[in-house]
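Some notes on the structure that comes next.
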Amino acid sequence: MTTCTEQQSQLSEEILARISSDLSMITDREFQVEGMQCELAEERAAGKDKIHISFKLGFRHESGEVQHGCVLMPLADAISLACFLMMMPDDGVKQKRAVTDLDESLKDALIEVSNFVGGATDAALREAIGMGIKVRSEGCQGVRPDVRPAFIYDEGQELLVTRAKARIHEFEEFEMVAMIPPLGEPQ
Numbered sequence: 065m066t067t068c069t070e071q072q073s074q075l076s077e078e079i080l081a082r083i084s085s086d087l088s089m090i091t092d093r094e095f096q097v098e099g100m101q102c103e104l105a106e107e108r109a110a111g112k113d114k115i116h117i118s119f120k121l122g123f124r125h126e127s128g129e130v131q132h133g134c135v136l137m138p139l140a141d142a143i144s145l146a147c148f149l150m151m152m153p154d155d156g157v158k159q160k161r162a163v164t165d166l167d168e169s170l171k172d173a174l175i176e177v178s179n180f181v182g183g184a185t186d187a188a189l190r191e192a193i194g195m196g197i198k199v200r201s202e203g204c205q206g207v208r209p210d211v212r213p214a215f216i217y218d219e220g221q222e223l224l225v226t227r228a229k230a231r232i233h234e235f236e237e238f239e240m241v242a243m244i245p246p247l248g249e250p251q
């Protein structure tokens, strides 16, 4: 891995900040993201030690080309966002965080969270760079511990991998990882 340029690092930070800001507003709970570190990698990053959710993203260029990436977070924290989105009380969210077999309502709420992640990424990108790229959610997927998330990607291509410390509401801090294709420099 090599260090990102200042512009790439700034873009990654703006994307994660916008995701946390939008989800914080929508769920009416604090969602902090800090300590972001951006690197250029030639492989997808794996979530460590526990099941994660990959919020998959499609980056469509004006030319029609589509590149792919994702935002990765532990399942328990993704469940927290989904539950808060469903306006579940804090005690109910605490109980749901341990769930690994998701019911339909929780799956639907995770898809909505994924849509918000895609929308926030799109908004951050529009504000940061003057390029014609539209970002859309491509759904979400569970990822086993220490396994790289699945999205269309040829190993060896560069990815901006940004790791951040995140915290939702009063829950434990966790690592959030964004993997996005290099998209150009901000203007």
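Just so you know, we're using my numbering here: the sequence shown kicks off at 65 and counts up by one.
From the three backbone atoms N, C-alpha and C, an ideal C-beta is built for every residue, glycine too.
- Taking a C-beta distance under 8 Å as the contact criterion, G206 and L139 qualify as a contact pair.
- DSSP places I216 in the coil class of the three-state scheme, outside both helix and strand.
- Looking at E98, M89 and E94, the one whose alpha-carbon comes closest to that of Q74 is E98.
- Between the alpha carbons of I175 and F119 lies a gap of roughly 8 Å.
- Excluding residues up to 5 positions away in sequence, M100 lie with their Cβ nearer than 6 Å to the Cβ of E77 in the same chain.
- In this structure, D186 is the residue among T66, D186 and E191 with its C-alpha nearest to the C-alpha of C134.
- Counting the other CB atoms within 10 Å of its CB gives I79 a total of 16 or more, which places it among the buried residues.
- In the structure shown, L121 adopts extended strand secondary structure according to DSSP, grouped into three states.
- Around the beta carbon of G156, a 10 Å sphere encloses fewer than 16 other beta carbons of the protein chains shown; the residue is thus reported as exposed.
- The three-state secondary structure of S84, taken from DSSP, is helix.
- Secondary structure in the stretch 130-218: the beta strand (DSSP E) runs of 3 residues or longer, each lying completely within the stretch, are 130-138 and 197-207 in chain order.
- Note: T69 is not bridge-paired with any residue in the DSSP secondary-structure output.
- Within a 10 Å sphere around the beta-carbon of A192 sit 16 or more other beta-carbons, which makes this residue buried.
- In the DSSP secondary-structure assignment, M243 is bridged to C134 and V225.
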